[in-house]
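If you're matching them up, the sequences are chains A and B in order. If you count by this note's numbering, then the first sequence holds residues 1 to 228, one letter each, in order. If you count by this note's numbering, then the second sequence holds residues 1001 to 1282, one letter each, in order.
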Amino acid sequence: MSVIIDYIPLILKGMLLTVELALLSLLIAMVLGIAGALAKLSKSPIARSVAGIYTTIIRGIPDLVLMTILFFGGQIIVNDIGDKLGWEYIDISPFMAGTVTLGFIFGAYFAETFRGGILAVSRGEIEAGIAFGMTPIQVFLRITLPAMVRHALPGFGNNWLVLTKTTALVSVIGLQDMLYNANIAGGSTRKPFTFLCAVAILYLVITGVSNFGLRWLDKRYSVGVRKA
Amino acid sequence: MKKPGALLLTIVISMILAAQVAAGDWKSIKIATEGAYPPWNFIDSSGNLAGFEIDLANDLCKRMNVDCEIVTTKWSGIINGLIKGQYDAIMAGMSITEARKKLVRFSRSYADTPVRFVVRKDNPAANFSSELERLTLDDISPAEQAAIDAIVKAFKGKVIGVQVATTHAKFADQFLGDHAEIRIYDFQHTIDLELYQWRLDALIGGVAYWIPMIKSEQGKDYKMVGPYMTGGPFGKGVGAAVRKKDKDLADMFSRAIEETIKDGTCKKLATKWFTFDASAQE
């Protein structure tokens, strides 16, 4: 037990990185998700097919494969562009690469979740908005978006939990997240099992707190809806 | 609570800073290590990096008159990070091999430790003994070939663990690949655990890692067998790696290491951490 106490600061530092990474990727994923969902529902065939290709490819390839390709491949592309423009070497920081990659991957899942949520908003409410003379943007911001949240929340919660756990993959690109630090502590003390148990509990803490928040959101956005 | 916007800004700034990798006069350098390979390099109970290579790196930096920062990174991407410019040197128990020389430039060696097989004491392979005490895999003589054949015979059909991208893995692939089942792992300590839990018959391990381990309470069930192997896939000692273009930095390291070997510092540190003299010879 005392061995864990000694390494707590190291593990907590990793936990902070894990949480930062998860929240920031969530932000990117939500922006991409909304854009993806709107593109999928739009009248433009080009937008529909671009979004279709995005969600099909991303959801069909393992996260680990994508992350490795995007991180190392992304660096090569940046280097090539840098060479052409005569820049000094630009390093993509692993944190940024991890965040963008996770956001990019989960954007595809959020796109599907939000699309489902938008489709569940009753047609009549949207038509009422149009009849009031609102512009399409006003309709989206004032009616579709608030009304879809309730429908999208369960899927959103799922995606968030999976995203949080997927952050454990970032150690492959050299990020010192909670799992990486646990491995370092396990290696240094030659007690890997102890530290794996410790991080398992900490992941559970993060997801447990999230569940609490999700339940609160669910209550808030279900105001006025009768429980079955 | 940090605002996401502030965080984004920090990322952009750190990216710009990281872009300005200084070249040339070496006032300060960044050295990467793994931090999970005691007693070479690890995180001690106060959360700081410690070990033979940490002490040696600090000593070398004083001699080279540069400011050093030591960072940890995952072993399996450590050369990639050096080439990409995330740091300027690697000191992570890395053996100087021909294959790695194609990617990086090495200083002279600062440690030289042979490699042996490690088994559980109650495994049948624990009875294996070799005709030769030392086995150098460079120019293989008939007697050495006989010793290799004996190893192949002893470990035929066994399950053997090695850490990814190590000289141990290279050796296993080259000499035992057709005869035994080789399993590759990310971390050394995972292999130790696997061996302990009977999922492996043997592992291939550096003597400098295992001698202190076996002396400790945790290592009491393990045993080293077979000849002390060097050369060939195991390379020529352990050295600091730098980018190929940084010949000046490699030379600075080599000169400083030479000094620590001549004045006994290297030997003193090696004995302190490994419990025996694993330092390189002049």
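Glycine included, C-beta positions come from ideal geometry on N, C-alpha and C. All figures in this text were calculated on a predicted structure; none of them were measured in a lab.
Buried or exposed (CB count within 10 angstroms, at least 16 for buried), residue i
i: Q1086/B; result: buried
i: E20/A; result: buried
i: V1119/B; result: buried
i: E1217/B; result: exposed
i: T1275/B; result: exposed
i: V65/A; result: exposed
i: K1220/B; result: exposed
i: C1266/B; result: buried
i: W1040/B; result: buried
i: F212/A; result: exposed
i: D83/A; result: exposed
i: D1088/B; result: buried
i: S188/A; result: buried
i: Q176/A; result: buried
Bridge-paired residues (DSSP) for residue i
i: A1147/B; result: Per DSSP, none; premise fails for A1147/B.
i: K165/A; result: Its beta-bridge partners do not exist; DSSP assigns none.
i: F1128/B; result: Answer is none; F1128/B lacks a bridge partner.
i: S1107/B; result: Its beta-bridge partners do not exist; DSSP assigns none.
i: E1069/B; result: K1030/B
i: L221/A; result: The sequence shown places Tyr at residue 221/A, not Leu. Beta-bridge pairing links Y221/A to no other residue.
i: M1224/B; result: V1118/B
i: F156/A; result: DSSP output for F156/A lists no bridge partner at all.
i: R1134/B; result: Y1228/B
Residue i: contacting residues in chain B (beta-carbon distance under 8 Å)
i: L10/A; result: I1043 and G1047
i: A185/A; result: I1043
i: F193/A; result: L1193
i: S188/A; result: G1035, A1036, P1038, F1042, I1043 and D1044
i: Y180/A; result: K1074
Cutoff 8 Å: residue i Cβ touching any chain D Cβ
i: Q138/A; result: Annotation note: the requested chain D is absent from the structure, which comprises protein chains A and B.
C-alpha distance - residue i paired with residue j, whole-angstrom precision
i: Q1188/B; j: R1063/B; result: 32 Å
i: K1158/B; j: A1208/B; result: 24 Å
i: E1133/B; j: T1113/B; result: 14 Å
i: T101/A; j: M67/A; result: 6 Å
i: V205/A; j: G60/A; result: 30 Å
i: A111/A; j: M96/A; result: 22 Å
i: L24/A; j: M30/A; result: 10 Å
i: A168/A; j: G86/A; result: 36 Å
i: L26/A; j: L1082/B; result: 30 Å
i: D1251/B; j: E1144/B; result: 35 Å
i: I1078/B; j: R1243/B; result: 12 Å
i: N1127/B; j: I1151/B; result: 12 Å
i: I184/A; j: F1042/B; result: 7 Å
i: M134/A; j: A39/A; result: 20 Å
i: T1230/B; j: G74/A; result: 39 Å
Per-residue contacts from residue i into chain B (C-beta, under 7 Å)
i: G174/A; result: T1073, K1074, G1077 and G1081
i: S171/A; result: K1074
i: D177/A; result: By Cβ distance, chain B contributes nothing, its closest Cβ being about 11 Å from D177/A, past 7 Å.
Residues that residue i contacts on chain A, provided the C-beta gap is smaller than 7 Å
i: H1189/B; result: G186, G187, R190 and P192
i: Q1218/B; result: R190
Residue i: contacting residues in chain B (beta-carbon distance under 9 Å)
i: D6/A; result: D1044, S1045, S1046 and G1047
Contact test: residue i Cβ vs the ligand SAH heavy atom, cutoff 7 Å
i: L12/A; result: In the structure shown, the ligand SAH is absent, as is every other ligand, since no ligand is present at all.
Take every Cβ of the segment 1082 to 1096 of chain B, pair it with every Cβ of the segment 1232 to 1248 of chain B, and state whether three or more of those distances are shorter than 8 Å.
-> yes
Contact between the segment 1052 to 1062 of chain B and the segment 1261 to 1271 of chain B: three or more CB pairs below 8 Å?
-> The way I'd put it, the segment 1052 to 1062 of chain B does touch the segment 1261 to 1271 of chain B; three or more beta-carbon pairs between them come closer than 8 Å.
Determine, using beta-carbon pairs with one atom in the segment 132 to 152 of chain A and one in the segment 111 to 118 of chain A, whether at least three such pairs fall under 8 Å.
-> The segment 132 to 152 of chain A, when compared against the segment 111 to 118 of chain A, does touch it at the 8 Å Cβ threshold.
Assess, as a yes-or-no matter, whether the segment 1196 to 1205 of chain B is touched by the segment 1161 to 1168 of chain B under the definition of 3 or more beta carbon pairs within less than 8 Å.
-> yes
At least three beta-carbon pairs within less than 8 Å, the segment 49 to 63 of chain A to the segment 135 to 148 of chain A | no
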